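A.B. asks:
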Amino acid sequence: MVGLYLRVLRYLRPYWGVFGIAVLASLIFAALDAFSMALLIPFMRTLFAQTDTAVEGTAAEGAAPATQAAEGDDLLEWLLDGTLGRFVDMSAPPSEAIQGIIIFLLVIFLIKNVFDFLRNYLVAWVEQAVTRDLRNEVYDHLVDLDLGFFGRTRVGQIVSRLTHDVEQLRTLVTKEQSKIISSVFEFLSVLAIMIAISWKLTLVSIVVLPGIFAIWGPLLRRVRRGDRTILNLAGEVHSHIQETLSGIRLVKASGAEDHERKRFSKVTWAYFKAFIRTERFRALSHPITEMVGALGTVVILWYGTRLVLTGGEIGAEEFIGFLALSMKLYSPVKYLGKMPAIIQPGIVAAGRVFEFLDAPIEIRERPGAREFEGVRDRIDFEDVSFSYRHGEPVLHDISFRAEAGSVTALVGPSGAGKTTLVDLLGRFYEPTSGRILVDDVDLRDLSIDSLRRNLGIVSQETVLFHDTIRANIAYGIEERVSQEEIERAADAAHASEFIDRLPSGYDTVVGERGTQLSGGQRQRVAIARAILRDPPILVLDEATSALDTQSERLVQQAIERLLEGRTVFVIAHRLSTIQRADRILVMKDGRVVQSGRHGELLDEGGLYGKLHALQFESPVGAPGDAGL
Ligand SMILES: Nc1ncnc2c1ncn2[C@@H]1O[C@H](COP(=O)(O)OP(=O)(O)O)[C@@H](O)[C@H]1O
Ligand SMILES: [Mg+2]
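Quick note on the numbering used here: the sequence shown kicks off at 16 and runs consecutively.
(1) Identify whether residue 8 lies in helix, strand or coil by the three-state DSSP scheme.
(2) May I ask you to check if the CB of residue 488 is nearer than 8 Å to at least one heavy atom of ligand 1?
(3) Suppose you measure from the CA of residue 262 to the CA of residue 481; what does that come to, to the nearest Å?
(4) Which residues neighbour ligand 1 when neighbourhood means a C-beta less than 5 Å away from any of its non-hydrogen atoms? List them by chain order.
(5) Can at least three beta-carbon pairs, one atom from the stretch 413 to 427 and one from the stretch 580 to 587, be found at a separation below 8 Å?
(6) Which residues share a DSSP beta bridge with residue 395?
(7) May I ask you to check if the CB of residue 413 is nearer than 8 Å to at least one heavy atom of ligand 2?
(8) Starting from residue 254, trace the alpha helix (DSSP H) in both directions and tell me its first and last residue.
(9) For the alpha helix (DSSP H) that contains residue 171, what are its first and last residues?
(10) What distance in whole Å lies between the Cβ atoms of residue 537 and residue 477, which are believed to be in contact at a cut-off of 8 Å?
(11) If you measure from the CB of residue 556, is any heavy atom of ligand 2 nearer than 8 Å?
(12) Can you tell me the Cα-Cα spacing of residue 177 and residue 368, whole angstroms?
(13) Based on the DSSP secondary-structure assignment, which residues constitute the bridge partners of residue 483?
(14) What do you reckon, are the CB atoms on residue 241 and residue 172 nearer than 9 Å?
(15) Just the C-alpha distance for residue 132 and residue 44, rounded to the nearest angstrom, thanks.
(16) If you follow the beta strand (DSSP E) that residue 424 is part of, which residue opens it and which one closes it?
(17) Since residue 421 and residue 582 should fall inside the 8 Å C-beta cutoff, what is the C-beta to C-beta distance between them, to a whole number of angstroms?
(18) Taking residue 301 as the reference, give the member of 230, 102, 209 with the closest Cα.
(19) Go ahead and pull the three-state DSSP assignment for residue 471.
(20) Excluding the 5 residues preceding and the 5 following residue 496 in the sequence, name in chain order all residues of the same chain whose CB lies nearer than 8 Å to its CB.
(21) In whole angstroms, what separates the C-alpha of residue 203 from that of residue 344?
(22) Measuring alpha carbon to alpha carbon, tell me which of 277, 363, 437 ends up nearest residue 236.
(23) Would you say residue 479 reaches chain C, if we count a Cβ-Cβ gap shorter than 9 Å as a contact?
(24) Indicate the three-state DSSP secondary structure (helix, strand or coil) for residue 402 in the structure shown.
(25) Between the Cα of residue 207 and the Cα atoms of 434, 565, 234, 50, which residue gives the shortest distance?
(26) Any idea what DSSP makes of residue 52, helix, strand or coil?
(27) Contact defined as beta carbons within less than 8 Å: I believe residue 216 pairs with residue 319. What is the distance between those atoms, to the nearest angstrom?
(28) Can you round the beta-carbon distance between residue 554 and residue 470 to whole angstroms, since I take them to be within the 8 Å contact cut?
(29) Report all residues from its chain with a CB closer than 8 Å to the CB of residue 13; omit the five preceding and five following residues, and keep chain order.
(30) Count the C-beta pairs between the stretch 438 to 445 and the stretch 150 to 163 that are closer than 8 Å, then say yes if the count reaches three, no if not.
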C-alpha cells in the first residue's frame with residue numbers, strides 16, 4: 016500500500032514547484048489561522064479590562080490583573096508583542112486598543128484568505144495536471160497493448176479505470192496530500208501556541224489523541240477490502256452499459272429489454288450493497304474521532320477550570336483562548352485519524368490503474384528490426400501453430416507458400432481458424448510455434464509499423480469512426496493524401512455513387528460505427544480505404560458476405576480492381592471467385608486438409624467437393640452469385 020502511494024506521488028515530480036508553493040500557502044494559512052485564534056486573548060484581556068474599568072472607575076486598576084496573568088507566559092507575550100504589539104498601541108485606552116485589535120484581526124483574516132485561495136487554486140491546478148498526465152500515460156500504453164489483452168479485458172472495465180478510477184486517484188495526489196502536510200503543520204502551530212499558553216494543560220489535552228488511531232486499525236482493513244469490490248463493480252456497471260448500448264439492435268430485436276434491465280439492476284444493486292457495507296465502516300470514522308475529540312474537550316474543561324480557579328496559573332482569558340485553540344488542534348488530528356479511510360479508494364484505484372500500466376506488451380519489435388518494403392518473391396508459413404489460450408491450439412502445423420502477386424484463398428467451415436491465420440500475418444498475434452517468413456525474413460525481424468502499413472485488411476465487420484466519410488477513407492494517412500486521391504479511391508470502390516448523394520458529400524459524418532450507412536455502403540468505404548492505402552499485401556476476410564446481391568456486384572468489381580498486382584489472401588464462404596485463385600487452402604479444425612487449384616480440388620472431392628456441392632445445389636447460393 017505504501018509502495019502504491021509512493022508511486023502515485025511520483026506523478027507530482029514535474030510539478031513540485033507549483034505544488035511546493037501550494038503547500039507553502041497552506042502552511043501560511045494554517046499558521047495565520049492558529050494565530051488569529053491567539054489574538055482572542057489580548058482582545059478579551061482588553062475587553063475585560065474595559066468592563067472592569069467601567070465597574071471600578073479607574074483604568075489603571077482594571078488593567079493590572081490582565082498584565083499580571085500575562086507575565087507568567089513569556090512565549091505568548093513574545094509572540095503577541097512581536098506582531099500585534101508593533102501595530103497596535105496596547106497601552107492606549109481600551110476602546111482604542113480594541114479598535115486596533117479588530118482592525119489587525121481583519122487584516123490577518125484578509126491575508127489568511129488570500130492564502131486560502133492560493134492553496135485551493137494551485138492544488139486544483141496540480142491535480143488536473145497530474146490527472147492529465149496519468150490518463151495520457153495509460154492511454155498511450157493501452158493503444159500499444161496487444162489484441163490478446165483486449166480479448167481478455169472488457170472494454171467497460173478499461174473505460175472505468177481511465178475515467179472513474181483516475182478521478183479517485185486524483186485527490187490522493189494533491190488535495191489529500193496537501194491536507195496531510197497542512198494538517199501536520201496546523202497541529203504543530205496550534206500546539207506551539209497552546210504550549211505557550213500552558214504546557215500543563217496542553218499535555219492533558221493531547222493524552223486522548225492516540226485513542227483515535229487505536230480504534231481505527233481494525234476498521235480500516237474492512238474499508239480497504241470494500242473499496243476494491245466497489246471499484247470492480249463500478250467497472251461492471253460501465254461494462255454493462257457499454258456492451259448493451261453497442262448491441263442495442265440485438266437487445267431490441269430479441270425483445271430482451273426486460274432481461275437487460277434485470278441484469279443491469281442486479282449490477283447496480285450489488286454496487287449499492289458493496290458501497291453501503293463499506294460506508295458503514297467509513298462513516299464510523301467521523302463519530303469515533305468526534306467522540307475522542309469531545310473526550311479531550313471534557314478533560315480540558317475539567318482540568319483548565321481547576322487551573323484557573325485554584326492557582327491563578329493561567330487567566331480566564333487565556334483559558335478561553337486555549338479552549339478555542341484546542342478545537343483547532345483536534346480538527347487536524349481528526350482529519351489525520353480519518354485520512355486512511357478517505358484516501359483508501361484512491362489507493363485501490365491507483366492499484367487498478369497501474370495494473371493496466373504494467374500490462375506487458377508481448378508483441379514487440381526486436382532491436383534493429385528491418386523496414387518492410389513489400390513482398391519480392393514469396394511469403395512462407397512454416398509449421399505455424401497457435402493457441403489463444405494455453406493448451407487449446409487453434410492452428411496446427413500450418414505450412415504453405417504464397418508467391419508474390421498471387422491470390423491465396425482460404426475456405427472452410429467457420430471456426431476453422433481462417434481469421435486467426437491472417438491475423439498472424441499482421442502480427443496481431445504471434446505463432447506459438449513455427450514461423451512466418453517474407454522473402455526468408457522472419458516477420459518478427461520486421462518493424463511492426465512498416466509491416467502493418469503494407470498490409471490492407473477488409474473484413475466482414477467494417478469499422479468506421481464517428482467522423483466524416485473523408486476522414487474514414489483516409490484514416491491514418493489523412494495528412495498525406497489529397498482530396499483527388501480520396502475521390503479516386505472512392506470511385507474505384509464504387510463508393511462515390513452514394514457519397515455524392517449524401518447531404519454533405521465527403522464531409523458527411525457517418526455516425527458512431529457508421530450506423531448512418533447501410534452495410535454495403537460501409538463495406539465500400541472500407542474498400543476505398545484499402546485502395547487508397549495501396550498495400551502490397553491484401554487480406555479480404557469475408558469482405559462481401561454481409562452484402563446483398565446488388566451491392567455485392569458493385570463491390571465485386573471494386574475488389575477485382577483491388578487484387579491487381581498484390582499478394583492477396585481471400586477468405587470466403589462462397590466459392591465462385593475463389594475458383595480463379597492461384598491456390599486454395601481448405602481448412603478444418605485448425606488444419607489445412609486440402610490444397611490446390613479449384614479444378615484439382617474438385618477432382619479430389621473431399622471437403623472441398625462437399626462445400627462446392629452444398630453451395631451449387633442449394634437454392635440460396637445460386638450460381639452467378641459472385642461471392643468472395
Ligand atoms: N480472440 C479469441 N480468443 C479466444 N479464442 C478465439 C479468439 N478468436 C477466435 N477464437 C477461436 O479460435 C477458433 C478459430 O477462430 P477463427 O480464426 O475466427 O475462425 P474462422 O475465421 O475460420 O471462422 C475458433 O474456435 C474461435 O472460437
Ligand atoms: Mg473468420
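We put the CB at the ideal spot given by N, CA and C, even for glycine.
Note that the structure is predicted; figures quoted are calculated from it, not measured.
C.D. replies: Walking through what the data contain:
(1) A query on residue 8 cannot be resolved here, the shown segment of the chain reaching from 16 to 643 and no further.
(2) Outside the cutoff, so no.
(3) 17 Å
(4) 166, 403, 409, 429, 430, 431, 432, 433, 434, 435
(5) By the C-beta criterion, the stretch 413 to 427 is judged to be in contact with the stretch 580 to 587, since at least 3 inter-stretch pairs fall below 8 Å.
(6) 416, 452
(7) no
(8) 225 to 261
(9) 170 to 175
(10) Indeed, because the Cβ distance is near 5 Å, the residues count as touching under 8 Å.
(11) yes
(12) 7 Å
(13) 524
(14) no
(15) 10 Å
(16) 422 to 426
(17) 6 Å
(18) 230
(19) Taken through DSSP and simplified to helix, strand or coil, residue 471 comes out as strand.
(20) 489, 547
(21) 8 Å
(22) 363
(23) As a matter of chain content, chain C is missing from the structure shown, which is built from one protein chain.
(24) In the structure shown, residue 402 sits in a strand (DSSP, three-state: E or B).
(25) Of 434, 565, 234, 50, the residue nearest in Cα terms is 50.
(26) helix
(27) Rounded, the Cβ-Cβ distance is 6 Å, consistent with contact.
(28) 7 Å
(29) Lying outside 16 to 643, the shown extent of the chain, residue 13 is not represented and no answer is given.
(30) yes
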